[in-house]
Amino acid sequence: GQQVQQSPASLVLQEGENAELQCNFSTSLNSMQWFYQRPGGSLVSLFYNPSGTKHSGRLTSTTVIKERRSSLHISSSQTTDSGTYLCASNTGNYKYVFGAGTRLKVIA
Amino acid sequence: EAAVTQSPRNKVAVTGGKVTLSCNQTNNHNNMYWYRQDTGHGLRLIHYSYGAGSTEKGDIPDGYKASRPSQENFSLILELATPSQTSVYFCASGEDREGEQYFGPGTRLTVL
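Line by line, the protein sequences give chains A and B.
The end of the first sequence is residue 205 by this note's numbering, with every number in the run present.
The end of the second sequence is residue 113 by this note's numbering, with every number in the run present.
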């Protein structure tokens, strides 16, 4: 079945620095989604991005279906960006498979 | 605003007891999902449903049952709870088989 690899596993940034988070999929996918989660918190959908590039404020998501990968770019990081970023893929069979996440810490 | 709610938010149960976790969605989505999240494992799919009356096994269904009595409600049932089922449980809804998912706030379950 589908496996999802996220990198890096953890990341520490100085406030103002940019970050690039990666998600790689072992098989072809029909859609994927990026989430943000605070410790002990729920999952907040950042992007539903089956293909191409999407922007939201300081965040940009790019999914390249034929290369089976997606990235999340955070520009000008802020301390409030700290948390865990999760990606999930769907192969068209109702089921989403999640990566283990990237734990981001932004320090002032 | 569309929403997914879960109850209870926190639950302490005893080994061998029955636990029911409830989920309600006002999104009018056909699909609903139950996941558990554990350190080192990310989110794993337990059961899902693509409409009232249907339930399907996810990737880790053993020890769990599910019930979908209506479009809005989806329950996860632990008939004989075990300490290994201590976890955070999330419910989600989605419009179609590969569409965007919307998550509830989670239920923290501790089985003693």
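Backbone N, C-alpha and C define an ideal beta-carbon position, used for all residues, glycine too.
Here the structure is a predicted model, which means the values were calculated and not measured.
Phe195 of chain A reaches chain B at Gly43, Leu44, counting residues in chain order whose Cβ is nearer than 7 Å. Taking 7 Å as the cut-off, the beta carbon of Thr181 of chain A is found no closer than this to the beta carbon of Gln119 of chain A. Proximity of Arg37 of chain B to chain A, defined by a Cβ-Cβ separation below 7 Å, is not satisfied.
Of the residues assessed, Val109 of chain A falls on the exposed side of the cut-off, its CB having fewer than 16 other CB atoms within 10 angstroms. Within the segment 77-100 of chain B, contact with chain A at the beta-carbon level (separation under 9 Å) is assigned to Val89, Phe91, Ala93, Gly95, Asp97, Arg98, Glu99, Gly100. Distance check between Ser104 of chain A and each of A:Thr150, A:Ser179, A:Ser148, A:Asn121 places A:Asn121 closest, using alpha-carbon atoms only. Nearest to Ile162 of chain A by alpha-carbon distance, out of A:Ala197, A:Gly198, A:Met129, A:Gly154, is A:Met129. Contact between Tyr51 of chain B and Asn32 of chain B is confirmed by a C-beta separation of about 5 Å, below the 8 Å threshold. Look at Gln86 of chain B here: in three-state DSSP terms it is helix.
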